[in-house]
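Chemist: Here the working numbering is used: the first residue of the sequence shown is 1, the next is one more, and so on. Built from N, CA and C at the ideal position, the CB exists for glycine as well.
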Amino acid sequence: MNSNLFSSGVIKEHYDPFRNMADVEAIEQIPLEERVKRWDFALNLLDGCRDDPNRIALHITHNGNIDGEVKTWTFAELERRSIQCANLLRASGLGADDVVAVITPTVPGLFATMIGGLLAVRLFPINWMLDAHALSDLMQRAEVKLVIALGPTPGFSIWENVNAAIQGLEKPPQVLTLHEAFSPPAAHDLLTQAEKHAGDRLTFDRPTANRNTVACYVHSGGTTGHPKIVKILHGGMVYRQWAANNGLAFTRHDVVLSDTPLFHIGGLLVRGLVSTANANTAIIPSIFGARDKTYMANYWRYIERFGITQVSGVPTTLSVLAKNPPTTENISSLRPYFATGSTAMAPAIQERLTQITGAQVMQSYGLTENTSHVTLDPRDGEVRTRCSGIRVPYMKIRIVKMKEGGEIERECAVDEIGMLLVGGPGVAGGYLDASQNKGAFLDNGFFVTGDLGSLDSDGYLRISGRQKDLIIRGGHNIEPGLIEEALMQSPSVAIAAAVGKPDTHAGELPIAYVELHPGAKISAEELLAFATERIPERPAVPKEIVILEKLPLTSVGKPMKHVLQMDAAKREFESALKTLACEWSLDIVNTGGSGLAMTVHLKNASPTDRSDAEKILSAYSTPYEIE
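1. So, do the segment 282 to 290 and the segment 328 to 336 have three or more beta carbon pairs nearer to each other than 8 Å?
2. The beta strand (DSSP E) that contains ARG122, what's its start and end?
3. Are three or more beta carbon pairs between the segment 206 to 219 and the segment 124 to 134 nearer than 8 Å?
4. So is GLY453 buried or exposed if we call it buried at 16+ other beta carbons inside 10 Å?
5. Need the endpoints of the beta strand (DSSP E) that GLY500 sits in, please.
6. Which value, in whole angstroms, describes the spacing of the CA atoms of ILE30 and ILE588?
7. So, at 7 Å on beta carbons, what are the nonlocal neighbours of GLY225 in its own chain, with the 5 sequence-adjacent residues on each side left out?
8. If the criterion is Cβ atoms closer than 8 Å, does the pair TRP39 and GLY235 meet it?
9. Quick one: grab the DSSP three-state call for GLN241.
10. DSSP three-state call for ASP23: helix, strand or coil?
11. For the candidate residues ASP259, MET129, PHE250 and ALA243, whose alpha-carbon lies nearest to that of ILE60?
12. Measure the CB-CB distance between ARG473 and PRO510 and report whether it falls below 8 Å.
13. Beta-carbon within less than 7 Å of ALA581's beta-carbon, same chain only, minus the 5 sequence neighbours each way: which residues are those?
14. Below 8 Å between beta carbons: does that hold for LEU233 and ALA428?
15. Buried or exposed: where does HIS253 fall if 16 or more other Cβ atoms within 10 Å of its Cβ makes it buried?
16. Rounded to whole angstroms, what is the Cα-Cα separation between THR74 and LYS145?
17. Okay, do the segment 561 to 572 and the segment 501 to 515 touch, 3+ Cβ pairs below 8 Å being the bar?
18. Take every Cβ of the segment 164 to 182, pair it with every Cβ of the segment 195 to 209, and state whether three or more of those distances are shorter than 8 Å.
19. Using 8 Å for Cβ pairs, my map puts SER220 next to LYS228. What's the rounded Cβ distance?
20. State the DSSP-derived secondary structure class of TYR394, mapped to helix, strand or coil.
21. Hey, out of TYR239, LYS438 and ILE547, whose CA is closest to ASN212's CA?
22. Just tell me which of SER575, VAL255 and ALA120 has its CA closest to the CA of ALA209.
23. In or out: GLY222 buried (at least 16 other Cβ within 10 Å) or exposed?
24. Can you tell me where the beta strand (DSSP E) with CYS216 in it begins and where it stops?
25. Please find out if some non-hydrogen atom of the ligand SAH comes closer than 7 Å to the beta-carbon of ASP40.
26. Based on Cα-Cα distance, which residue from GLU34, GLY272, GLY68 and ARG19 lies nearest to LEU45?
27. Exposed or buried, what is ASN604 when buried is set at 16 or more other beta-carbons lying within 10 Å of its beta-carbon?
28. Excluding sequence positions up to five away, which residues of its chain have a Cβ less than 6 Å from the Cβ of THR591?
29. With burial defined as no fewer than 16 other Cβ atoms inside 10 Å of the residue's Cβ, what is the status of ASN477: buried or exposed?
30. Give me the DSSP bridge partner(s) of GLN174.
31. So, for PRO325: in the same chain, excluding its five sequence neighbours on each side, which residues have a beta-carbon less than 6 Å away from its beta-carbon?
32. Give the DSSP-derived three-state secondary structure of LEU548 in the structure shown.
33. Do THR375 and LEU461 have their CB atoms nearer than 8 Å?
34. Cβ of PRO393 within 8 Å of Cβ of ALA243?
35. Could you have a look at SER510 and say whether DSSP puts it in helix, strand or coil?
36. Near MET237, which residues of its chain fall below 7 Å by C-beta distance, leaving aside the five closest residues on each side in sequence?
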C-alpha cells in the first residue's frame, strides 16, 4: 500500500459524522489545510491506482449485456496506460498549458486519457452530443491544440462532427482516436500510439500542482452554441474529492457505476475520477451510459453481479428505476444512502426509491463554477423534501438581495428568498473569457449563481427559481436561446420563447411558444420539424410548440417568461388532473425567477379523490397544496 495515500492524499477509512449544521461547524474547527496536505489531483489519481495494483479498476460490459463478455483493467494497467498517455502527449510537443479536447462517451481508454491528460496538459472534455458548429466554436475559443475523439462507431456521429468542426479552424488541431472496448482501434488510436512510450515513469519534468493551478476546462450548460468555459482548479478537484468522501463516506472498498458522461462536472468528478482517486472499482456498463435501455433494464442485476455499493443519478435515471424495482435481485451491497445529481426531486420518486432499495436518497445542489456540490443532504441526518441539503464543510453560502446594477443590498433573513452566492474552496478559477467574470466571480471570492433560494433556520437550502432561465432536463442544462434561435430562423416566426414545463420523469422538459408574422401559415408540427433540424443536441428539442396570437411582452419587448412558465405548468397539471372524479380548479403562482407554487382546489371531494390528487401531484417537484 502506498503510504502517500494517507500522508499526502485524501482517502481514509473513518469520516466524521455528518448529521446537521453543528457537525459541519465541528468539522470546520480543523482548518482544511490540515486535513489535505497536497493539492495535486493528478497525483491523487496515481495514488488511487497504486493502493492495490492487482485490484480491478474497470469492469466493462458490451452495451448492457450483463450475460456477455466482461473485459477488465487492473489498477496497474490503468496506471501504466495513463502514464504512457501523458508521455505521448508531451512527446507530441505539447506543454502543460496547451489544451487538449476530449470528445467521447465513456470507454475504458477515457479513464487513462483523463489521468494522463491531467498529468501532462490542460484537458477540455466537451459534450460529444454537440454538432460540428458548436464543437468548432469551443475549440476555437479554447485554442485547442489536439483533439482526442471517439473513432468511427455505429450509433454515433462524433467522428463526422469532429472532422467537420476542425475544417473551419484556422489552425486545425491534430486528432487522435479512442475506441470502445469491443471494437478494434481506428487509425491514429491514442492507446496504440501510447504503447511506444514508458509506462513506469514520467519522461518529463512535472512540478507538483498547487491549489490555484488550472487542471482543466469544463464548459457550462452543454446544449448551447456559446457556453461559457470554466477554469477548474486542482485545489477545487482535490477539495471535491475530500468533500465527496466526507459527505458520502467513500472508501477504497466501494464499487461504483460509471454511467454518466464525463464532460460535465458531476460526471467528471463525483461519479467519475473521484472514484479512481479513491481506488474504487468502476463498472462501465455501456458506451451509451444510462441512455442504454438494455443496461437500464439490467440495472439491478448489475448491482447484484458486481456488488455495487454506491449509486447516484439524475432524476431521469432515478425515475426509471423507481418504476422498475428489483424482483429477485440481491441488492444488499448498496450503502444505506445514495445521491442524486440534481436539486429537489419529486417526493414520490424519492420515497419510492427509499422503499425499494432501503437507502436514503440524498439530494444536492451544485454547479460547474463550484466544481460540483455546494450542498448535500446529511447522510446521517434528516433529509427534507423539496430541499437540497445543507452546505458541505468549508463551503460558504449567502442569500442576498441585489440591486439592479449587481451590487449587494443586504443579507436575507431566514426563509427569505434572494440571490444565492457561494464561496469557499470549491469555487473555480473564473471563466476563460475574463470579461465574463464581471458580476459573476466577485472580488471577495464568492460566485453569483443566478439562482434564487432561501435558507431555513437549520441551514437547509431551498431553490425557488433560476434567474438564468435555464431549463434543466434530467440534469442537463438547456439554454433557452438555443431553441429560440433555431425557431427564429423560420421566416414565419416573429417572436419565440422557450421555457421548461414540469415533468415527472425528467423534472423539466423544454416547450416553446411562438408568435407568427401577420399572414404566416405554418403549423406547430411544421415548426417543430424545422427547429429539430437546427438544434445541435437532441435533449434541447422542445416537446411541444404552442402558437399564440400574441406573446406576453415586457415594456421593452422581451417575452414575459414567468407568464409562459405558469402557462406551461397549467397545461401540464390540467392534463394530469383530468382523471380525478371530483370537480377541481387550479391556481399557479410565480415565486420568483422560474419558481412556481400550485394550489389545487377540490370540490365535494371524497378521501379517495384527495388521495388520488396527492398521488398525481407528488410525482412532480413543483410545490403544491390541496384545499
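Modeler: Working from what's here:
1. No: the two stretches stay apart, fewer than three of their Cβ pairs being nearer than 8 Å.
2. By 1-based counting over the sequence shown, the position of residue 122 is 122. First-last of the beta strand (DSSP E) with ARG122: 122 to 125.
3. Yes, the segment 206 to 219 is in contact with the segment 124 to 134.
4. Counting from one through the sequence shown, the residue named residue 453 turns up at place 453. Residue burial annotation: GLY453 is buried, with at least 16 other C-beta atoms found within 10 angstroms of its C-beta.
5. Translated into positions along the sequence shown, residue 500 becomes position 500. Start and end: 493 to 503.
6. Here residue 30 refers to the residue found at position 30 when the sequence shown is read from its first residue. Here residue 588 refers to the residue found at position 588 when the sequence shown is read from its first residue. Between the alpha carbons of ILE30 and ILE588 lies a gap of roughly 47 Å.
7. Along the sequence shown, read from residue 1 onward, the residue named residue 225 stands at position 225. In this prediction, GLY225 scores a pLDDT of 41, lower than 50, which makes its location untrustworthy; no coordinate-derived value is stated.
8. Within the sequence shown, numbered from 1, the residue matching residue 39 stands at position 39. Within the sequence shown, numbered from 1, the residue matching residue 235 stands at position 235. Result yes, Cβ atoms of TRP39 and GLY235 sit closer than 8 Å.
9. Position 241 of the sequence shown, counted from the first residue, corresponds to residue 241. It is helical.
10. The residue labelled residue 23 in the question sits at position 23 within the sequence shown. Helix.
11. Counting from one through the sequence shown, the residue named residue 60 turns up at place 60. Of the listed residues, the one whose Cα sits closest to ILE60 is ASP259.
12. Position 473 of the sequence shown holds residue 473. Position 510 of the sequence shown holds residue 510. Yes; because the gap between Cβ atoms is below 8 Å, this pair is in contact.
13. Within the sequence shown, residue 581 is the residue found at index 581, counting from 1. Apart from sequence neighbours up to five positions away, the residues of its chain that approach ALA581 with a beta-carbon distance below 7 Å are ASP609, ordered along the chain.
14. Start at 1 with the first residue of the sequence shown, and residue 233 comes out as number 233. Start at 1 with the first residue of the sequence shown, and residue 428 comes out as number 428. Cβ atoms of LEU233 and ALA428: closer than 8 Å.
15. Counting from one through the sequence shown, the residue named residue 253 turns up at place 253. Exposed.
16. On the sequence shown, residue 74 is found 74 positions in, with the first residue counted as 1. On the sequence shown, residue 145 is found 145 positions in, with the first residue counted as 1. It is roughly 31 Å from the alpha-carbon of THR74 to the alpha-carbon of LYS145.
17. Flag = yes, the segment 561 to 572 and the segment 501 to 515 touch.
18. The segment 164 to 182 makes no contact with the segment 195 to 209: fewer than 3 CB pairs, one atom from each, lie closer than 8 Å.
19. As a working mapping, residue 220 is identified with position 220 in the sequence shown. As a working mapping, residue 228 is identified with position 228 in the sequence shown. The Cβ separation is near 5 Å, so the contact holds.
20. Locating residue 394 in the sequence shown gives position 394, where the first residue counts as 1. Coil.
21. Numbered from 1 along the sequence shown, position 212 holds the residue referred to as residue 212. Ranking the options by Cα distance to ASN212, first place goes to TYR239.
22. Locating residue 209 in the sequence shown gives position 209, counting from the first residue. Considering only alpha carbons, the answer is ALA120.
23. Here the question's residue 222 lines up with position 222 in the sequence shown. Reliability fails at GLY222, whose pLDDT of 41 lies under 50, so the model's placement of it is uncertain and the value that follows must be treated cautiously. The residue is buried, with at least 16 neighbouring Cβ atoms inside 10 Å.
24. Looking up residue 216 in the sequence shown gives position 216. Note, CYS216: beta strand (DSSP E), 214 to 219.
25. With respect to small molecules bound, the structure shown includes none, and the ligand SAH cannot be examined in it.
26. For this step, residue 45 is matched to residue 45 along the sequence shown. For LEU45, the nearest C-alpha among the options comes from GLY272.
27. Translated into positions along the sequence shown, residue 604 becomes position 604. Flag for ASN604 reads exposed.
28. Along the sequence shown, one-based indexing puts residue 591 at 591. In chain order, SER464 and ALA597 place their CB closer than 6 Å to the CB of THR591, counting only its own chain and leaving out the 5 sequence neighbours on each side.
29. In the sequence shown, the residue the question calls residue 477 occupies position 477. Buried is the label assigned to ASN477, since at least 16 other Cβ atoms lie within 10 Å of its Cβ.
30. Position 174 of the sequence shown, counted from the start, is the residue given in the question as residue 174. DSSP lists LEU146 as partners of GLN174.
31. By 1-based counting over the sequence shown, the position of residue 325 is 325. Contacts found: ILE356.
32. Stepping through the sequence shown from its first residue, residue 548 is reached at position 548. Assigned with DSSP and collapsed to three states, LEU548 falls in strand.
33. Taking the sequence shown and counting its residues from 1, one reaches residue 375 at position 375. Taking the sequence shown and counting its residues from 1, one reaches residue 461 at position 461. It is a contact, given that the beta carbons lie within the stated cut-off.
34. For the purposes of this step, residue 393 is taken as the residue at position 393 of the sequence shown. For the purposes of this step, residue 243 is taken as the residue at position 243 of the sequence shown. Yes.
35. Numbered from 1 along the sequence shown, position 510 holds the residue referred to as residue 510. The amino acid at residue 510 is misidentified as Ser; the sequence shows Pro. Looking at PRO510 - three-state DSSP - the assignment turns out to be strand.
36. In the sequence shown, the residue the question calls residue 237 occupies position 237. Here MET237 has PHE41, ALA215, LEU269 and THR371 as same chain residues with Cβ atoms under 7 Å from its own Cβ, once five neighbours each way along the sequence are excluded.
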